[in-house]
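K.L.:
Numbering-wise, this note's numbering puts 73 at position 69 of the sequence shown, and it's gapless, one number per residue. For every residue, glycine included, the Cβ atom is placed at its ideal position computed from N, Cα and C.
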Amino acid sequence: MRFRARFIAIAAVGIPALSFFGVSSAGQTADGDDPPPSIVEDFSYPGAAKILQDRALTLISGDGHIVLVDCTSQTGLLQVHAYNSADHSSDPGHYCFKVTGASGYLRMNVPYAYQIRGDNHTVQADITINGQSSTVPIAKNSWTGIGEGAGTDPATLLELRASS
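1. Leaving out five residues on either side along the sequence, give the residues of the same chain with a beta carbon under 7 Å from the beta carbon of aspartate 95.
2. Provide the residue(s) that pair with asparagine 3 in DSSP beta bridges, ordered along the chain.
3. Taking one C-beta from the segment 84 to 101 and one from the segment 132 to 139 each time, how about it: are there three or more such pairs within less than 8 Å?
4. Where do the N-terminal and C-terminal ends of the beta strand (DSSP E) with histidine 85 fall, by residue?
5. Can you list, in chain order, the residues of its chain whose CB lies under 7 Å from that of phenylalanine 25, leaving out five sequence neighbours each side?
6. Considering only DSSP beta bridges, list what glutamate 163 is partnered with.
7. Measuring CB atoms only, is the segment 142 to 156 touching the segment 94 to 113, in the sense that at least three cross pairs come out at less than 8 Å?
8. Among Val114, Thr79 and Asp67, which one has its Cα closest to the Cα of tyrosine 49?
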């Protein structure tokens, strides 16, 4: 009985104390700001809006094991070539990705992609051509043509998946 009385007393003091520190019982701050964001991971690509603005490249989501890097920073990268005059880099339409683990995936939207160079991983690319989706195996450490690079209509690169 004594324990229950202490618990009730602490609980009664705790709620006003939270209000004192600017937090209401509904999870909002006392001044009416929005609640903090959810801590559930949504796998959206970090900095995607800035990349879209600077490079005209839409990176959607992934597991964090395939990341966009500077093409001049190192060798042995996954590389994608696409016709993209809106890319404001010194090498428009040339995108490089590093696989940081044994496997990874990255969802994206790269219209007019025509060539992908594999690294030392087993890589597959999901593409769409004229509304028809397909998966293309990418040669290790070599270029693979997709879409116009393979003699067909323009392709949109939708996803890269890499595994050891």
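P.N.:
This is what the structure gives:
1. For the purposes of this step, residue 95 is taken as the residue at position 91 of the sequence shown. Non-local beta-carbon contacts of aspartate 95 in its own chain, meaning distances under 7 Å to residues more than five positions away in sequence, involve Cys75 in chain order.
2. What the structure shows of the chain is the stretch from 5 to 168, and residue 3 is not part of that stretch, so it cannot be assessed.
3. No, the segment 84 to 101 is not in contact with the segment 132 to 139.
4. As a position in the sequence shown, residue 85 is number 81, starting the count at 1. Taken as a continuous stretch (DSSP letters only), the beta strand (DSSP E) holding histidine 85 covers 82 to 86.
5. Along the sequence shown, read from residue 1 onward, the residue named residue 25 stands at position 21. In this prediction, phenylalanine 25 has a pLDDT of 39, which is less than 50 and means its spatial position is unreliable; what the coordinates show is noted afterwards. Cβ within range, chain order: n/a, list empty.
6. Counted from its first residue, the sequence shown places residue 163 at position 159. Answer is Arg111 and Asp130.
7. Put simply, the segment 142 to 156 does not touch the segment 94 to 113. Fewer than three CB pairs are less than 8 Å apart.
8. Translated into positions along the sequence shown, residue 49 becomes position 45. Selected option, being the one with the closest Cα: Asp67.
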